[in-house]
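Colleague: Residue numbers (the UniProt record's numbering), protein chains in the order written: chain A, 1 to 306; chain B, 1 to 306; chain C, 1 to 306; chain D, 1 to 306.
4 protein chains.
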Amino acid sequence: MAQIAYQFLSKFKTKNLLYQQFIIELVGTFILIVLIDNAVATYTFGHPSDHFAIATTAGVGLYIAVVFGATVSAGHVNPVVTFALATLRKCPWKSVPVYFAGQFIGGFAATVVSFANQRLAIVARSGLNGTFPSKTASLFMSNPGIRPVDHETVILDQVLCVGILMFAIMVLIDGSNNHNSKSATPFGLLFVLIAVILAFGSNAGAAINPARDLPARLFGFMIGLGDMWSDMFWLTASTIGTFLGAVVGAWTYYLTVEIHRINDNADLRNGSANDLNLTELRTTLDKLEALVDAEKGLKSHTKLLD
Amino acid sequence: MAQIAYQFLSKFKTKNLLYQQFIIELVGTFILIVLIDNAVATYTFGHPSDHFAIATTAGVGLYIAVVFGATVSAGHVNPVVTFALATLRKCPWKSVPVYFAGQFIGGFAATVVSFANQRLAIVARSGLNGTFPSKTASLFMSNPGIRPVDHETVILDQVLCVGILMFAIMVLIDGSNNHNSKSATPFGLLFVLIAVILAFGSNAGAAINPARDLPARLFGFMIGLGDMWSDMFWLTASTIGTFLGAVVGAWTYYLTVEIHRINDNADLRNGSANDLNLTELRTTLDKLEALVDAEKGLKSHTKLLD
Amino acid sequence: MAQIAYQFLSKFKTKNLLYQQFIIELVGTFILIVLIDNAVATYTFGHPSDHFAIATTAGVGLYIAVVFGATVSAGHVNPVVTFALATLRKCPWKSVPVYFAGQFIGGFAATVVSFANQRLAIVARSGLNGTFPSKTASLFMSNPGIRPVDHETVILDQVLCVGILMFAIMVLIDGSNNHNSKSATPFGLLFVLIAVILAFGSNAGAAINPARDLPARLFGFMIGLGDMWSDMFWLTASTIGTFLGAVVGAWTYYLTVEIHRINDNADLRNGSANDLNLTELRTTLDKLEALVDAEKGLKSHTKLLD
Amino acid sequence: MAQIAYQFLSKFKTKNLLYQQFIIELVGTFILIVLIDNAVATYTFGHPSDHFAIATTAGVGLYIAVVFGATVSAGHVNPVVTFALATLRKCPWKSVPVYFAGQFIGGFAATVVSFANQRLAIVARSGLNGTFPSKTASLFMSNPGIRPVDHETVILDQVLCVGILMFAIMVLIDGSNNHNSKSATPFGLLFVLIAVILAFGSNAGAAINPARDLPARLFGFMIGLGDMWSDMFWLTASTIGTFLGAVVGAWTYYLTVEIHRINDNADLRNGSANDLNLTELRTTLDKLEALVDAEKGLKSHTKLLD
């Protein structure tokens, strides 16, 4: 009977890379934003306010998404990361709409589910009518607090915040930085996201990810909780600031480091610095690695079918 | 004389894998839950409330248990993890009762020892008669706080909480995710447990592990501290929610990632993508690895007998 | 001239292992306890109380000491660790007095220096006369807070606390636990020390390390700050509890895991499970590793003499 | 068109190592100090005070800078680190002015940008006239709090603080300490910086980095915010204490560990301990490693030009 179940399930198998990337960005973004939304609600309604706890939850959400997506979509789980990598040809432009669709749909689903999970507490503490945009909305949207800010400041703030995050992503995915263990990058991203949320938590509420803010506003609008759009922070902080920041961060790294490395590599390829038959050695190593990975996958599947 | 002592001790040696797994799940669960229970008591009676400190202690407890059990039982230390892995044939069904026994007995022992250690503070602050179910019990059981919740919400909450935890376990133990250092997985689990405790701390008190909640209620019942069962959260949050969540999380990963990989591996096995004699290479590598591990174990034992 | 300076310095070189171990335990313990003492003072006088910050500082101090001592003394920096390892023949008994001397002298020096650094704040807030044993002493000694405790409880508490720490040390230094990167163990110890300080912070003040408590009491006694000894917690919590806990923790691991591995290794050594000429391969690998290490050391020294 | 853009950009390429080091120290220091300054402002104006959050942000900033600079400048991002390494010939003296220039210019730019980002909150809460040196200045400068301190104490405090940091840097960059994964060192530095900021946060405000304090005072002086210099803490805490501490920490490690290793290495070089043709093996390994790095860099560039 289990055999039959597995045969039924095998109909869902696909080898279409774009479809797999869509699913993985959707699920990864869903997990990231469910974690953040529930952490924000927990430290608003359930426990004393703890910005560090929220930032840590977000960092771990990114960590899970990055390891989850590693070999298929790379786990961007944020449209601005996808866009910035595309401007540097590190993600093909034709994949960008697929990634965006997965990320925004995942973000929308995460908002709905988190709202359902926190509904009783929301109703008990703040009620629903009309208050969603002010208090309740802050659970799911990215918006400034009560400190004085203007739109120029939140754009600058998010350019710095997302710029440093994107710069660090470039640093950590660059295999030439001696950060050589494949498992180090996801942990590095965990800490970097914590840090930028901590450092830029006040001006623009650490907007960072449009796939969290925009779907939450859309959902609030759909269930009739009032005006979600007129504060324009969805445009300045969550959209202009984050996209601009990601591009600035990515290109800063490209111009300060990557561009200077090109000729050196060409020299190496010409064999001027190495006497071994490098191509041959490299090919052997690649095959060995692929073999080990394949065996691992096979073994875990074989166990499944036993 | 020491020689004699070692000869005496060697009578306790066993090569029975199930017995070893029982012992390791028992000790691992004991350590995990002693750490959590004493942390909860510390931040209830001794220090200002600190949800982050409790979550960190739990994460580290899981880390210790996972490294401790790595080569024998894999260190599940939670019945829902064992069950979910069994539904995907990643843990044999015949081991499940053995794991459960170890986990629940370890959890019960941890409750008793933690109660003994915190007894004076419990008596001084809240007394024992009748108050155990409300205040004292919150030290050792998983239960909702004062915020409004219903049984549907705590089930949804625990499906999300344990679902994300179990999904992340699947991600991190899958050798194909480029997370290639064996020491990375235990650290990843440390952070993931912190995150789900932080994010889902309010609705159901981050129930997550039935081996903590159920033995604590049984112990309270045994020492006559009042009604432990009528709130039914032991059934909805700690049992239905956690088991359901673990299965949902594990299967989400299986259906979004693992299932799509099967044919690719078969292709690799047929040699279509690799020219080297891979089987031979793989065998050599495996033997080499086994040798190094064996030598290590032997060396530490040899030192012991010097 | 620099040449002359280096020649002068080279007179301090020694190849005496015990002397090197003494120095390294002394410096490592000094750093660990300076960090803890100043963190405790900072979160008593300078910043709001933050138990998590103190625990983190201690964890990082242990991390530094362990990497620092890795190849010479293994960086125990705590007499109870040295003692427990000796009972399992993982540290030679003849080294024990040398380690103890380094640890207690390092702890005493750390107390004196930390007292000097925090002197102005101590005088301003609590004065010196007579108050050292109550308020001031809590900066440098390990003592229970105001919650009700008795000597039986603090011994149980420290057996659990140090027992889990020592058990985790055994788990993490055992090369057979698949925790295969040499850099993982120090990070693991960092988190484990944080966790046991958090979980056992209230009953006995996380005594853990006699090289912190006893020298601080001796120093308070020497500078005439009143009675340091009559509360007897230095004996029950800091000495009996910690030594007993370390031995219990270490032997629990030995009896649950290590002892069962012995025959397996013998089987492997007899070649029954491996066809390769393992001894030869192993020898080659060891030499290769030694070479790489030697080259690294040589290179950094060569750079120094340029 | 993209081709043309890349050709234009390629004019900025340089192979001048000192120029590259200047840029990398500038950008690395900028990121480190933008993170710290905005975190301090966030936990002063926007969120409840959280020393742990500030320390974590600083630790992650150092982590990013160290991985970023790894292969070009090593990411010192602090003049006292550069200076102390130079005294041990681990950084050439001729590079020191270049590093200093990058660090101080990066620090100045970070102050200006952070001030712009936090300007509205600063004006709203404390106003600008005359108050910058007291309240506002504490956002960007390193200065003692209200606790009683004198100049001798802040110097001792910073010698301990920076001494332990620099000692740990020496420990972690020494390839002989069995801390063998290249990705472990940046994570280690992340935690070490957190710990010294936590432990030494009160006496001298964890001055540590003159590239943060001095440019901030210069900027406050330039925009006319009053007297920045007469408290003399810029000289005692931020300059004398930090430079002295870095030298003491670096030389403590050299004298306790490195110096004793010299002869052993010479013995190894003479072949007395190894039978293999080590030089040959080593050369092969080096070439293999260089090849893999080069291939990686090439591959990422090739993708860029596709």
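All C-beta atoms, glycine included, are put in the ideal place defined by N, C-alpha and C.
1) Give me, in chain order, the residues of the same chain whose beta-carbon lies closer than 7 Å to that of Val72 (chain A); leave out the 5 immediate sequence neighbours on both sides.
2) Have a look at C:Val98, C:Phe167, C:Arg217 and C:Arg261 and flag the residue whose alpha-carbon is nearest the alpha-carbon of Leu18 (chain C).
3) Using a C-beta to C-beta distance shorter than 7 Å, which residues of chain B count as neighbours of Thr153 (chain C)?
4) Under a CB-based cut-off of 8 Å, is Ser183 (chain B) close to chain C?
5) Below 8 Å between beta carbons is the criterion; list the residues of the stretch 10–31 of chain D that meet it against any residue of chain A, in chain order.
6) If we cut at 8 Å on Cβ distances, does Val248 (chain C) have a partner in chain B?
7) Which of the three DSSP states, helix, strand or coil, is assigned to Gly69 (chain A)?
8) When DSSP labels each residue in this structure, what does Arg119 (chain D) get in the three-state scheme?
9) Determine the burial state of Trp229 (chain B): buried for a count of at least 16 other Cβ atoms within 10 Å of its Cβ, exposed for fewer.
10) Can you check which of these residues, B:Thr44, B:Gly188, B:Phe140 and B:Ile197, is closest to Ala55 (chain B) by C-alpha distance?
11) Mind listing the chain A neighbours of Gly201 (chain B)? Cutoff is C-beta to C-beta under 7 Å, in chain order.
12) Does Thr14 (chain A) come out as helix, strand or coil in the three-state DSSP assignment?
13) Note down, in chain order, all residues in the stretch 210–224 of chain B with a beta-carbon under 8 Å from any beta-carbon belonging to chain C.
14) Under three-state DSSP, which class holds Lys90 (chain D)?
15) What is the residue span of the alpha helix (DSSP H) that Thr42 (chain A) lies within?
16) Could you please give the first and the last residue of the uninterrupted alpha helix (DSSP H) stretch that includes Glu258 (chain D)?
17) What does Pro148 (chain A) reach in chain D if we use C-beta pairs closer than 7 Å?
18) By a C-beta neighbour count over all protein chains shown, 10 Å radius and 16 as the cutoff for buried, is Ala124 (chain A) buried or exposed?
19) Less than 8 Å separating the beta-carbons of Ile64 (chain B) and Ala168 (chain C)?
20) Rounded to a whole number of angstroms, what is the C-alpha to C-alpha distance between Asn16 (chain D) and Val171 (chain D)?
21) What's the gap between the Cα of Ser95 (chain C) and the Cα of Ala58 (chain A)?
22) Is Val113 (chain B) close to chain C, meaning its C-beta is less than 8 Å from at least one C-beta of that chain?
23) Report, in whole angstroms, the separation of the C-beta atoms of Thr14 (chain D) and His260 (chain A), which I expect to be a contact under 8 Å.
24) Give a yes or no on whether the minimum CB-CB distance between Ile64 (chain A) and chain B is below 8 Å.
25) Would you be able to state if there are at least three C-beta pairs under 8 Å between the stretch 152–166 of chain A and the stretch 237–255 of chain A?
26) Does the count of Cβ pairs from the stretch 213–222 of chain B and the stretch 82–90 of chain B closer than 8 Å reach three?
27) Does the beta-carbon distance from Lys182 (chain D) to His179 (chain A) come in below 8 Å?
28) Cβ closer than 8 Å: which chain B residues qualify as neighbours of Val60 (chain A)?
29) Return the CA-CA distance between Gly205 (chain D) and Leu139 (chain D), expressed in angstroms with no decimal places.
30) Check whether the Cβ atoms of Met166 (chain A) and Gly245 (chain A) lie closer than 8 Å to each other.
31) Specify the secondary structure class of Ala97 (chain D) as computed by DSSP and reduced to three states.
32) Does Leu172 (chain B) come within less than 8 Å of chain G when only Cβ atoms are used?
33) Threshold first: 4 residues or longer. Then list the alpha helix (DSSP H) segments lying entirely within the stretch 130–211 of chain A, N to C.
34) Tell me whether His51 (chain C) sits in a helix, a strand or coil according to DSSP, three-state version.
35) Express the C-alpha separation of Gly75 (chain B) and Gln7 (chain B) in angstroms, rounding to a whole number.
36) Counting contacts by CB-CB distance shorter than 8 Å, is Thr252 (chain B) in contact with chain A?
Modeller: In this structure, then:
1) Excluding residues up to 5 positions away in sequence, Gln20, Gln21 and Ile24 lie with their Cβ nearer than 7 Å to the Cβ of Val72 (chain A) in the same chain.
2) Comparing Cα positions, the closest option is C:Val98.
3) Result: Asn117 and Leu120.
4) Answer yes: the Cβ-Cβ gap between Ser183 (chain B) and chain C drops below 8 Å somewhere.
5) Within the stretch 10–31 of chain D, the residues whose Cβ lies closer than 8 Å to some Cβ of chain A are Ser10, Phe12, Lys13, Thr14, Lys15, Gln20, Ile23, Ile24, Val27 and Ile31, listed in chain order.
6) By this cut-off, Val248 (chain C) is not an interface position.
7) Annotated three-state conformation of Gly69 (chain A) is helix, per DSSP.
8) Collapsing the DSSP output to three states places Arg119 (chain D) in a helix.
9) Classification of Trp229 (chain B): exposed, given that the 10 Å Cβ count is below 16.
10) The residue with the shortest Cα to Cα distance from Ala55 (chain B) is B:Ile197.
11) For Gly201 (chain B), the C-beta contacts it makes with chain A under 7 Å involve Thr42, Gly46 and His47, in order along the chain.
12) Here Thr14 (chain A) sits in coil by DSSP.
13) Those residues of the stretch 210–224 of chain B that come within reach of chain C (Cβ to Cβ, closer than 8 Å) do not exist; the list is empty.
14) The three-state secondary structure of Lys90 (chain D), taken from DSSP, is coil.
15) Run containing Thr42 (chain A): none; DSSP gives neither H nor E here.
16) For Glu258 (chain D), no alpha helix (DSSP H) segment is defined, and its DSSP state is neither H nor E.
17) Neighbours of Pro148 (chain A) on chain D, chain order: Leu120, Ala121 and Ala124.
18) Under this definition Ala124 (chain A) is an exposed residue.
19) Ala168 (chain C) sits close to Ile64 (chain B), with the two beta carbons spaced by under 8 Å.
20) Inter-residue distance for Asn16 (chain D) and Val171 (chain D) is about 30 Å (C-alpha atoms, whole angstroms).
21) Each residue's Cα considered, the two are about 47 Å apart.
22) Residue contact check for Val113 (chain B) against chain C: a CB pair falls below 8 Å.
23) Contact holds; Cβ gap of about 6 Å.
24) Among the residues facing chain B, Ile64 (chain A) is included, as its CB has a counterpart in that chain under 8 Å away.
25) At 8 Å Cβ cutoff, the stretches touch.
26) Taking 8 Å as the limit for Cβ pairs, the verdict is that the stretch 82–90 of chain B does not touch the stretch 213–222 of chain B.
27) Closer than 8 Å, so yes.
28) What Val60 (chain A) touches in chain B: Phe191, Val192, Ile194 and Ala195.
29) Answer to the nearest angstrom: the Cα atoms are 11 Å apart.
30) Closer than 8 Å, so yes.
31) Residue 97 (chain D) is actually Pro in this sequence, not Ala. If DSSP states are grouped into helix, strand and coil, Pro97 (chain D) belongs with the helices.
32) Note that chain G does not occur in the displayed structure, where the protein chains are A, B, C and D.
33) The qualifying runs are 137–140, 151–173 and 184–199.
34) DSSP places His51 (chain C) in helix when its eight states are reduced to three.
35) Between the alpha carbons of Gln7 (chain B) and Gly75 (chain B) lies a gap of roughly 29 Å.
36) Yes, Thr252 (chain B) counts as interfacial toward chain A.
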